[in-house]
Each structure stands twice: as C-alpha cells, then as structure tokens.
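Engineer: Structure below; questions to follow.
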Amino acid sequence: MRIFHHADAVRHDPERYFRRGALVAHPEQAIRYRVLRDAAAGAGHALIDAPDHGLDPILAVHEPGYIDFLRRAWDRRAEMPGTGDEVLAGIFARPQMRRRPTGLLGLVGFHTADTSTPIRAGTWAAVRGSAQAAVAAADAALAHGHAYALSRPPGHHAYAGSAGGFCFLNNSAVAAERMRRTAGGRIAILDIDVHHGNGTQGIFYERADVLTVSVHADPSDYFPYYAGYPDETGSGAGAGFNANLVLPPGSGDEPWLDAIRAGLSAVLAHRPRGLVVALGLDASEDDPIGALAVTRGGFAAAATAIARAGLPTAIVQEGGYLCEALPHNLVAVLDAFDAARP
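Numbering (this note's numbering) for the sequence shown: 22 to 363.
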C-alpha cells in the first residue's frame, strides 16, 4: 500500500480539552501520527512524503475566508489579550447568528463549533500537511488503484467554513473533489468512522456528483448530535445522494459489516469513477471515546469487502484514538485491502 503522510502533522499538539465541564487530556494528540506511521512502516508498507499541491485543492471545498482565518489566526493572537499557547473562544455562532465579525475573538467563535479545535503555533502547518496527504492519495488511487492518506489532524467534521470535532480541513472531501476533477466523473465517499461525517455531508449535501454514505453510531445521544439521521438524504440537485446508516451503541462486527455492505451497494449503484473511504478506527471495541464494538477481524473484513468493490480507492485516516489496539487495527485494514486487491 502506498502511504502518503506529512511530517508537519505533529505541529498541531493540543494538550487539553474542555469536556463536560472539566479540563481533560486532549484525545487527538500529535502522537497519533507517530503511532500510525510506525505501525504502517513496521508492516512493510511504503511511506511517501506528500508533495505540496498548494491551496487550490483545499479551496475547491473550503471557503476562502475560512482558509484565511486558519492561516492568520495565530499571528493575530495579540488581538486577544491574555492568550497563551492556544487561540480559543468560549462563545460560538448559532444558526440565528450568522453575521461574520472582523475581530479575532468573534472570528474564532464564527469559524469553530466547539473547544476541541484550538489554534496553536503549528496548527496551520499541520492541517495543511494533512490535506496534502489526502490530495496525494487521491492522485495515487486514480493512477495505481489504491492508496492511504495518513491524515492527521482528521477532517470529516469540518464544514466548508468551520472547524469542529478535532477537525479543521475536511481531508476526505478534499480527496473526493480532487478525484472528481481529475477523473471527470462522479465520486463516492464511504465514511466508516464511529462518528457521523457531518462536515462531509454538509459540503456535498446539494450535489449529485459526490455520493456521501456514512456508517456510524446513533447520533441522538452521541457526537455530532445535530446531524447524521436516516432522513437526511440530500437536497436540491443532491436529493437522494446522501445516506446515513445508523447503528445502535455497542453494535459489533456483524451489524457494522452489514451496514458497510449496504453502503457499498449504494456506492456501486452510483457508478463512481473513484471511492474515498473515510477510515475511522474509533469504531473499535477498545477505542477510548468510541461507541461501537468492532474487532480487529471486523476491520479486516471491512477492508476486504471495500477492496473487492474494485474501485480506485483513496483511504483517508479520520478518527481512532490512543489505545493498544489502534496500530494493530490500522495494519489489519492495510494488509487485508492489499491481500484482496494487490
């Protein structure tokens, strides 16, 4: 498996996270990148430094004002007296409050959804590198059949104009749009993270050229709460081109794999020229913030089923948090995919 990564991934290094009224260790730590990279390399997969394709692939799915905010926020931190090692807000825009302010504190609340996405000294470099890995994997998938983007920080909760849920740039959406423009035809995204890919859904919700399918735990009492329900099927030109396959908390391999097979059927009916798999390893039974109970064998079976679909496939890393099983689950996916489609 060709594995694209970027060394700047470690430059976004949040230490703490305000969760349920308490400061806790941030789950999306820089060491995730090293754990996943070392596991892939140790299993014999080819590590490739992602080349720089500039901002155009990112701006193809994200609003220019949002990208400008991400690029400049750290350098503007003096506008927020008392700022330490993070630029972070405690007030956030709501649907009824959509006027974009000019001051930095207001912009942070406008362009972020929660306290999980602090902007630090290296955040822009890290998220830019993460997106470049996704672009490279998309190109390699079309050229060679399949590739994996070790994208960190993750991306599928990021909307066109906002960060949230540990995500800043929507790497899976960037990869899908890159594939669509290169291949000149329809693309599909299959998101198998334990959390609904709400940002990805939002970016493509009114489009028919990118089918979005998400397999995830029931959001009625689980992040992202406000999106990811079965009746969200797209609107306008995109009506019928979004599918949410929702699982009860605690679901194990069989219901998860059944949902993935149903998602693949929808993908193949779409007749895409390429597939992006938003790979969340947080569906694991061992994940510290997960809600499902997928085993290592379940991950391998999912990879086999996806590989047998026979589509040019870019696998983009999303969630999956620090636990002993994390690197083993990644290797299970990569090895099974390669075995099913060398």
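Glycine included, C-beta positions come from ideal geometry on N, C-alpha and C.
#1: Report yes if the CB atom of residue 149 is closer than 8 angstroms to the CB atom of residue 107, and no otherwise.
#2: Measuring alpha carbon to alpha carbon, tell me which of 219, 124, 362 and 183 ends up nearest residue 254.
#3: Give me the Cα-Cα distance between residue 234 and residue 94, rounded to the nearest whole angstrom.
#4: Which ranges would you report for the alpha helix (DSSP H) in the region 73-155 if only whole runs of at least 4 residues count?
#5: Return the CA-CA distance between residue 302 and residue 60, expressed in angstroms with no decimal places.
#6: So the alpha helix (DSSP H) residue 54 belongs to, where does it begin and stop?
#7: Specify, as a first and last residue, the run of the beta strand (DSSP E) that residue 265 falls within.
#8: Can you tell me which of the three DSSP states residue 335 falls into?
#9: Are the region 246-253 and the region 281-299 touching by the rule of at least three beta carbon pairs closer than 8 angstroms?
#10: Alpha carbon to alpha carbon, how far is residue 281 from residue 228?
#11: So what's residue 316 in DSSP terms, helix, strand or just coil?
#12: With which residues is residue 167 paired in a DSSP beta bridge?
#13: CB-CB under 6 angstroms to residue 145, same chain, minus the five flanking residues each way: which ones, in chain order?
#14: With distance defined between alpha-carbon atoms, name the residue in 70, 37, 151 and 161 nearest to residue 105.
#15: Does the separation of the CB atoms of residue 69 and residue 23 fall below 8 angstroms?
#16: Taking Cβ positions, are residue 288 and residue 209 nearer each other than 8 angstroms?
#17: Would you mind sorting residue 165 into buried or exposed? The rule is 16 or more other CB atoms within 10 Å of its CB.
#18: So what does DSSP say about residue 203, is it helix, strand or coil?
#19: How many angstroms separate the CA atom of residue 40 from the CA atom of residue 336?
#20: I need the boundaries of the alpha helix (DSSP H) containing residue 289, first residue and last residue.
#21: Take residue 324 and list the residues in its own chain whose beta-carbon comes closer than 6 angstroms to its own, dropping the five residues that flank it on each side.
#22: Please determine, among 101, 319 and 116, the residue with the shortest C-alpha to C-alpha distance to residue 431.
#23: In terms of DSSP beta bridges, what is residue 233 paired with?
Structural biologist: Looking at the atomic coordinates:
#1: Working through the sequence shown from its first residue, we reach residue 149 at position 128. Working through the sequence shown from its first residue, we reach residue 107 at position 86. Their beta carbons are not under 8 angstroms apart, which means residue 149 does not touch residue 107 by this criterion.
#2: For this step, residue 254 is matched to residue 233 along the sequence shown. Closest option to residue 254, Cα to Cα, is 219.
#3: By one-based count along the sequence shown, residue 234 stands at place 213. By one-based count along the sequence shown, residue 94 stands at place 73. Going from the Cα of residue 234 to the Cα of residue 94 covers about 33 angstroms.
#4: Every alpha helix (DSSP H) of 4 residues or more that sits fully in the region 73-155 is shown, in chain order, as 77-80, 85-93 and 125-132.
#5: Locating residue 302 in the sequence shown gives position 281, counting from the first residue. Locating residue 60 in the sequence shown gives position 39, counting from the first residue. The alpha-carbon atoms of residue 302 and residue 60 are separated by roughly 14 angstroms.
#6: What you label residue 54 is simply residue 33 of the sequence shown in a count that begins at 1. Counting along the chain, residue 54 sits inside the alpha helix (DSSP H) bounded by residues 52-63.
#7: Position 244 of the sequence shown, counting from 1, holds the residue named residue 265. DSSP places residue 265 in the uninterrupted beta strand (DSSP E) bounded by 263-268.
#8: Here the question's residue 335 lines up with position 314 in the sequence shown. Strand at residue 335.
#9: No contact exists between the region 246-253 and the region 281-299.
#10: Looking up residue 281 in the sequence shown gives position 260. Looking up residue 228 in the sequence shown gives position 207. Computed Cα separation, rounded: 22 angstroms.
#11: Reading the sequence shown from its first residue, position 295 is the one you call residue 316. Residue state for residue 316 is assigned as coil, using DSSP reduced to three classes.
#12: Here residue 167 corresponds to residue number 146 of the sequence shown, with the count starting at 1. Secondary-structure assignment with DSSP links residue 167 through a beta bridge to 334.
#13: The sequence position of residue 145 within the sequence shown is 124, counting from 1. Within the same chain, residue 145 has close Cβ partners 91 and 92.
#14: The count along the sequence shown starts at 1 and reaches residue 105 at position 84. Nearest to residue 105 by C-alpha distance, out of 70, 37, 151 and 161, is 37.
#15: Translated into the one-based positions of the sequence shown, residue 69 becomes position 48. Translated into the one-based positions of the sequence shown, residue 23 becomes position 2. Closer than 8 angstroms, so yes.
#16: Against the sequence shown, residue 288 aligns to sequence position 267. Against the sequence shown, residue 209 aligns to sequence position 188. Yes, Cβ-Cβ distance for residue 288 and residue 209 is below 8 angstroms.
#17: Position 144 of the sequence shown, counting from 1, holds the residue named residue 165. Exposed.
#18: On the sequence shown, residue 203 is found 182 positions in, with the first residue counted as 1. Reduced to three states, the DSSP call for residue 203 is helix.
#19: By 1-based counting over the sequence shown, the position of residue 40 is 19. By 1-based counting over the sequence shown, the position of residue 336 is 315. Computed Cα separation, rounded: 30 angstroms.
#20: Counting from one through the sequence shown, the residue named residue 289 turns up at place 268. Unbroken alpha helix (DSSP H) run through residue 289: 274-291.
#21: In the sequence shown, the residue the question calls residue 324 occupies position 303. Excluding sequence neighbours, residue 324 sits near 354, 357 and 358.
#22: No statement about residue 431 is possible, as the shown extent of the chain runs from 22 to 363 and does not include it.
#23: To locate residue 233, count along the sequence shown from 1; it is residue 212. Looking at the DSSP assignment, residue 233 forms a beta bridge with 210 and 263.
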